[in-house]
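Undergrad: Just so we're on the same page, the numbering used here is the position in the sequence shown counted from 1, plus 21.
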Amino acid sequence: MATIEVGQAAPPLPGVAFGEGAIAMVFYKVTCPVCQMAAPKVDAMAKAYPGRVVGVGQDPPDALERFGREFAMDVPAVPDLPPYDASNAYGIESVPTLFVIDGTGTVADAVVSWDRDGYNRASARLAELIGVEPVTVSDPSDGLPSFRPG
């Protein structure tokens, strides 16, 4: 199954409220090195847009809490345990995968893997949807590669 695309309705997700304004939602796994690398950038988004970023982790809640502490990603985390119903509904083939979902529950942006330009674009799109100034979450000075597959 392919990842859901921009313009499609976001499948419902227990623990995540759609229709209460735009959000960014990142699917991740605690053992994924690319997820670990991207975690501080997800956190930067969460700090810039309080209450607008949520994680969907493919691990138990205690592992998600440890991941948040260890890799500096302070976001609410919803567990997606086997058989990974949420990941399957969203067509997740690689983590991290980041979605911006508008206030109507429609996917407004999607970024698969770590992609600096994609994360900055998603940040700008979320900012636009909630009516605030966008923040750049990554630039070449942070030492991260511009792209790394998940």
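For each residue, glycine too, the CB sits at the ideal point set by N, CA and C.
Buried or exposed: which applies to V51, given that a residue is buried once 16 or more other Cβ atoms fall within 10 Å of its Cβ?
TA: Position 30 of the sequence shown, counted from the start, is the residue given in the question as residue 51. A residue is called buried when at least 16 other Cβ atoms come within 10 angstroms of its Cβ; V51 meets this threshold and is buried.
Undergrad: Per DSSP, what kind of secondary structure is A93 in: helix, strand or coil?
TA: Working through the sequence shown from its first residue, we reach residue 93 at position 72. A93: coil per DSSP, three-state reduction.
Undergrad: Start and end of the alpha helix (DSSP H) containing D163?
TA: On the sequence shown, residue 163 is found 142 positions in, with the first residue counted as 1. Element bounds for D163: n/a, residue is neither H nor E.
Undergrad: Using the Cα positions of Y105 and V132, report the straight-line distance between them to the nearest angstrom.
TA: As a working note, residue 105 is residue 84 in the sequence shown. As a working note, residue 132 is residue 111 in the sequence shown. One C-alpha to the other measures close to 19 angstroms.
Undergrad: Can you tell me the Cα-Cα spacing of G126 and P97, whole angstroms?
TA: On the sequence shown, residue 126 is found 105 positions in, with the first residue counted as 1. On the sequence shown, residue 97 is found 76 positions in, with the first residue counted as 1. The straight-line gap from Cα to Cα measures roughly 19 angstroms.
Undergrad: I need the boundaries of the alpha helix (DSSP H) containing I44, first residue and last residue.
TA: Counting from one through the sequence shown, the residue named residue 44 turns up at place 23. Element bounds for I44: not the alpha helix (DSSP H) but the beta strand (DSSP E), I44 to Y49.
Undergrad: Leaving out the 5 sequence neighbours to the left and right, which residues in its chain are closer than 7 angstroms to D123 when beta-carbon positions are compared?
TA: What you label residue 123 is simply residue 102 of the sequence shown in a count that begins at 1. Answer for D123: A43, A129 and L150, listed in chain order.
Undergrad: Roughly how many whole angstroms lie between the Cα atoms of S159 and R137?
TA: Along the sequence shown, read from residue 1 onward, the residue named residue 159 stands at position 138. Along the sequence shown, read from residue 1 onward, the residue named residue 137 stands at position 116. Whole-angstrom Cα-Cα distance: 6 angstroms.
Undergrad: Rounded to the nearest angstrom, how far is the Cβ of A143 from that of M94, given a contact under 8 angstroms?
TA: Residue 143 sits at position 122 when you count from the first residue of the sequence shown. Residue 94 sits at position 73 when you count from the first residue of the sequence shown. 15 angstroms between Cβ atoms; not a contact.
Undergrad: Do the CB positions of G78 and F92 come within less than 8 angstroms of each other?
TA: The residue given as residue 78 occupies position 57 in the sequence shown. The residue given as residue 92 occupies position 71 in the sequence shown. No, the pair does not count as a contact, with Cβ atoms beyond the cut-off.
Undergrad: Would you say R169 and W135 are within 8 angstroms of each other, going by their C-beta atoms?
TA: Within the sequence shown, residue 169 is the residue found at index 148, counting from 1. Within the sequence shown, residue 135 is the residue found at index 114, counting from 1. A contact, by the Cβ cut-off of 8 angstroms.
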